[in-house]
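Taking it in order: structure first as structure tokens, then the write-up.
There are 2 protein chains.
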Amino acid sequence: MPRHPRVAPSVAAVKGSVYTALAHRLASYEGEVYPLHIGDTWMEPATGSRMQDLTVEDHPGMHRYAPVVGLPSLIDAIVDRTRARTGVATERGNVLVAAGATGGLGTVGGAIVAPGDEVLILAPFWPLIAGIVRTFHGTPVPVPFIGTVDSAESAVEAVEAARTERTIALYLNTPNNPTGRAIPPEWMAALVDWARAHDLWLISDEVYEDYQYRGQHTYLRALAPERTFSAYSFSKGYGMSGNRCGYVVGPADAMPGLAKVATHTFYSTPTASQIAALRVLSDAGDAWVANAHERYAALGRMAAARLGVEEPDGSTFLFLDVAKHLDEHGLGGFLERCVERGLFIAPGSSFGPYPTHVRVCFTSAEPDVVERGIDVLAGLIGR
Amino acid sequence: MPRHPRVAPSVAAVKGSVYTALAHRLASYEGEVYPLHIGDTWMEPATGSRMQDLTVEDHPGMHRYAPVVGLPSLIDAIVDRTRARTGVATERGNVLVAAGATGGLGTVGGAIVAPGDEVLILAPFWPLIAGIVRTFHGTPVPVPFIGTVDSAESAVEAVEAARTERTIALYLNTPNNPTGRAIPPEWMAALVDWARAHDLWLISDEVYEDYQYRGQHTYLRALAPERTFSAYSFSKGYGMSGNRCGYVVGPADAMPGLAKVATHTFYSTPTASQIAALRVLSDAGDAWVANAHERYAALGRMAAARLGVEEPDGSTFLFLDVAKHLDEHGLGGFLERCVERGLFIAPGSSFGPYPTHVRVCFTSAEPDVVERGIDVLAGLIGR
Chain B
1 MPRHPRVAPS
11 VAAVKGSVYT
21 ALAHRLASYE
31 GEVYPLHIGD
41 TWMEPATGSR
51 MQDLTVEDHP
61 GMHRYAPVVG
71 LPSLIDAIVD
81 RTRARTGVAT
91 ERGNVLVAAG
101 ATGGLGTVGG
111 AIVAPGDEVL
121 ILAPFWPLIA
131 GIVRTFHGTP
141 VPVPFIGTVD
151 SAESAVEAVE
161 AARTERTIAL
171 YLNTPNNPTG
181 RAIPPEWMAA
191 LVDWARAHDL
201 WLISDEVYED
211 YQYRGQHTYL
221 RALAPERTFS
231 AYSFSKGYGM
241 SGNRCGYVVG
251 PADAMPGLAK
261 VATHTFYSTP
271 TASQIAALRV
281 LSDAGDAWVA
291 NAHERYAALG
301 RMAAARLGVE
311 EPDGSTFLFL
321 DVAKHLDEHG
331 LGGFLERCVE
341 RGLFIAPGSS
351 FGPYPTHVRV
361 CFTSAEPDVV
371 ERGIDVLAGL
381 IGR
Chain U
384 MPRHPRVAPS
394 VAAVKGSVYT
404 ALAHRLASYE
414 GEVYPLHIGD
424 TWMEPATGSR
434 MQDLTVEDHP
444 GMHRYAPVVG
454 LPSLIDAIVD
464 RTRARTGVAT
474 ERGNVLVAAG
484 ATGGLGTVGG
494 AIVAPGDEVL
504 ILAPFWPLIA
514 GIVRTFHGTP
524 VPVPFIGTVD
534 SAESAVEAVE
544 AARTERTIAL
554 YLNTPNNPTG
564 RAIPPEWMAA
574 LVDWARAHDL
584 WLISDEVYED
594 YQYRGQHTYL
604 RALAPERTFS
614 AYSFSKGYGM
624 SGNRCGYVVG
634 PADAMPGLAK
644 VATHTFYSTP
654 TASQIAALRV
664 LSDAGDAWVA
674 NAHERYAALG
684 RMAAARLGVE
694 EPDGSTFLFL
704 DVAKHLDEHG
714 LGGFLERCVE
724 RGLFIAPGSS
734 FGPYPTHVRV
744 CFTSAEPDVV
754 ERGIDVLAGL
764 IGR
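The listed protein sequences correspond, in order, to chains B and U.
Position 317 of the first sequence, counting from 1, maps to 317 under this note's numbering, and the rest follow consecutively.
Adding 383 to a residue's 1-based position in the second sequence gives its number in this note's numbering.
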């Protein structure tokens, strides 16, 4: 029993911020800085959807609480969008607006994880999903998958080998952070059949749905609407990460559980952020995304070519194995050499058992800054 | 083990939104509506601190992620304010900016509650604290206190009677939601001595610190900085509930645990909301609070006089026992009679074992609307 001065074991087991140490170095570096360690965008949100565009004259009470599940007008727009994009029957009761996709995935974790439950996580993975499972006293179980599995059959073999009596859910993320890969639709169909056979939940992190550059994004909920929670993000989609607004679409009978967790972790999603989100679910928002998609894709191709790796299928990241370029100081020494040149990138260990990989974001600074940062990294790997 | 379609037992045990049923009725009521069931304010935030006042020209990147712990400039302002108000040594490392005081108290729950741990909650209590404890798989233990206890000795007797081997913390809230009472300083000192003797954490919900109308607010952290988490709110303080920005001040060695929970439940507090918060920690904000304090106090006196109950010490609520006015349909029937007249108030059962009480907020609508709503309630209790 944690009592003063001890904290809960769950919290002690969660890794601290991946970037804290780097952020400290970043603040004190005096040359040009290439902050490619975070997942963000240099672009400001679409005109008309910025905070300065939202007035109390147009939106009286916009600084007051919104309903826990979200503003009705935003929920309706999300319902329309979800139906149009996925073809799945969707009603208001399938939607929870949340404090970003992170907040939304947190509500999923809180709603379905009991102490000791295990959640399989396709790796490499978005770092926070492991911490979300731990925060609610579950056990995250990484399943090496992308770059390891090579067919629908081996996909199922990989998850089945990790499944135990305590397994309750499978988490996957496509297009993928950190690898930039998209999981093929036929693999996803095989995983769905397997999850259904074992009555598992599916947690589908689709925050890069609009940023797949090769092939089409697969909406997992279309394959298993009865058991799938899909998370989406205005942060990633529309350059509004600081607004903390995203949403989850899932089974109607489970959504009140998610709303309860929301109530007790962030209460409601910021009202102004929801109004801004509603404004980008529009032609103006579509135009912003189309432009960002084109620019992100070009940056991804540039970065991949310069670093000599395969082009990303989607997302805003590349994930490189730099094993051949490590000396006796290991990856820490490599990251140190990057920092000495103003380049900040993320260590592979944040994303699963990848001690010799690094993740690079190719959209987190102005394109010319990204390009110079990629040049620094290319130099360090002898290209 | 919860698997599809089951949710975690913790979530099943959490009460749904107190107001969902009422909100439904509220939307369809055709006469004048008196929404005195929620805790909010009719006042718009101070000019200069509204979203429309925050521009990307002044704040480039203001739609991007803020650091998990908060913007450094806001943290510094909170440190200054905390030192000035409490006299307690306070550094950046004692502060976490959070998604409202609710989000902040959620991070406290996530950081200190292990499955099965018990948290004592002085009742009547703010409804969400019980759900926060359950969300992290702990057990909330209500301790009837306000209106029950009448001395420092009986205060300690009440909590000691509820303490078990699983008790890890005591939660208290003064000025109190729902009762409007302030806990006397000497009772708090006695509770602190008791908590120290048993190595318990103290969770001090002080969101109405600026709205105490009789006596001075007691800053609990001044009595036990080593074990106290104090939660504050820009929502309540400055009329910005929809911004979702508050903060927790606590022991430096425990705060990284809170930051981990924040990371995995809402990630960071909305960046624009933090800029707005910084703007009200100023003369303009002080003037807004002074005005709100005066108006809230007057409304509280008016409402108490009209309803024939004691004036509130603070907060924005009155808590009435309406047992004498219930018929065979109980409190449900009473609330029904209120709704038929356009009046929405909250049932006592939301706040602990108070099946014949109701809570009224006297600031959640324009003063003339509040006054007419209070008249409706007065009529129903024969005044």
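All C-beta atoms in this analysis are idealised placements derived from N, C-alpha and C, irrespective of residue type, glycine included.
Computed from a predicted structure; not experimentally measured.
For histidine 520 of chain U, the neighbours in chain B by C-beta distance under 7 angstroms run, in chain order, Pro115 and His137.
Taking all protein chains in view, the Cβ of aspartate 40 of chain B is crowded by 16 or more other Cβ atoms within 10 Å, so the residue is classified as buried. Runs of beta strand (DSSP E) with 3 or more residues, each lying fully within the region 292-324 of chain B, are found at 317-321, listed in chain order. Chain B places a beta carbon closer than 8 angstroms to that of glutamate 427 of chain U, counting this residue as a contact. Within the region 387-400 of chain U, those residues whose Cβ lies closer than 9 angstroms to any Cβ of chain B are, in chain order, His387, Pro388, Arg389, Val390, Ala391, Pro392, Ser393, Val394, Ala395, Val397, Lys398, Gly399 and Ser400. DSSP places valine 143 of chain B within a strand segment (E or B) once states are collapsed to three.
Burial is judged here by how many other beta carbons sit within 10 angstroms of a residue's own beta carbon; glutamate 719 of chain U has fewer than 16 and is exposed. In the DSSP assignment, cysteine 338 of chain B falls within the alpha helix (DSSP H) that extends over 330-340. For threonine 167 of chain B, the uninterrupted beta strand (DSSP E) run begins and ends at 167-173, by DSSP.
Ranking U:Ala481, U:Arg549 and U:Arg466 by CA distance to the CA of isoleucine 495 of chain U puts U:Arg549 first. 8 angstroms or more divides the Cβ of glycine 348 of chain B from the Cβ of proline 144 of chain B.
DSSP places arginine 742 of chain U in the strand class (E or B) of the three-state scheme. The shortest C-alpha to C-alpha distance from leucine 170 of chain B to any of B:Ile129, B:Glu153 and B:Ala222 is the one to B:Ile129. The beta carbon of glutamate 415 of chain U lies closer than 8 angstroms to those of Gly725, Val752 and Arg755 in the same chain, with the five residues before and after it left out.
Judged by their CB atoms, alanine 681 of chain U and alanine 429 of chain U are not nearer to each other than the 8 angstroms cut-off.
In this structure, the beta-carbon distance from threonine 611 of chain U to leucine 583 of chain U does not fall below 8 angstroms.
Between the alpha carbons of histidine 59 of chain B and proline 127 of chain B lies a distance of about 37 angstroms. Scanning U:Lys619, U:Ala572, U:Pro639 and U:His708 for the CA closest to the CA of glutamate 427 of chain U turns up U:Lys619.
Residues of chain B whose Cβ lies closer than 8 angstroms to the Cβ of serine 624 of chain U are, in chain order, His63, Arg64 and Tyr65.
For serine 616 of chain U, no alpha helix (DSSP H) segment is defined; the enclosing uninterrupted segment is the beta strand (DSSP E) at 611-616.
Annotation: glycine 332 of chain B to threonine 316 of chain B spans about 23 angstroms, alpha carbon to alpha carbon. By the 16-neighbour rule on beta-carbons within 10 angstroms, asparagine 291 of chain B is exposed. Taking C-beta separations shorter than 7 angstroms and ignoring five residues to either side along the sequence, the partners of isoleucine 504 of chain U in its chain run Ile512, Ala513, Pro523, Val524, Pro525, Val526 and Tyr554, following chain order. In the three-state reduction of the DSSP assignment, tryptophan 425 of chain U falls in the coil class.
Membership of leucine 574 of chain U in the alpha helix (DSSP H) is indicated by the continuous run 568-580. Assignment of glutamine 435 of chain U by DSSP, reduced to helix, strand and coil, places it in the helix class. The residues Ala303 and Arg306, in chain order, have a CB closer than 6 angstroms to that of isoleucine 374 of chain B in the same chain once the five nearest residues on each side in sequence are set aside. Pairing valine 743 of chain U with asparagine 177 of chain B, the inter-Cα distance amounts to about 48 angstroms. Chain B has no Cβ within less than 8 angstroms of the Cβ of threonine 562 of chain U. A distance of 8 angstroms or more separates the beta carbons of phenylalanine 727 of chain U and histidine 520 of chain U. By the 16-neighbour rule on beta-carbons within 10 angstroms, glycine 257 of chain B is buried. The three-state reading of DSSP puts leucine 36 of chain B in coil, since its state is none of H, G, I, E or B.
In the assembly as shown, aspartate 696 of chain U is a buried residue. Its beta-carbon has 16 or more other beta-carbons within 10 Å.
Taking C-beta separations shorter than 7 angstroms and ignoring five residues to either side along the sequence, the partners of glycine 308 of chain B in its chain run Arg383, following chain order. Checking the DSSP bridge columns, you'll see glutamine 216 of chain B has no partner listed. Leucine 437 of chain U belongs to the set of residues whose beta carbon lies under 8 angstroms from a beta carbon in chain B.
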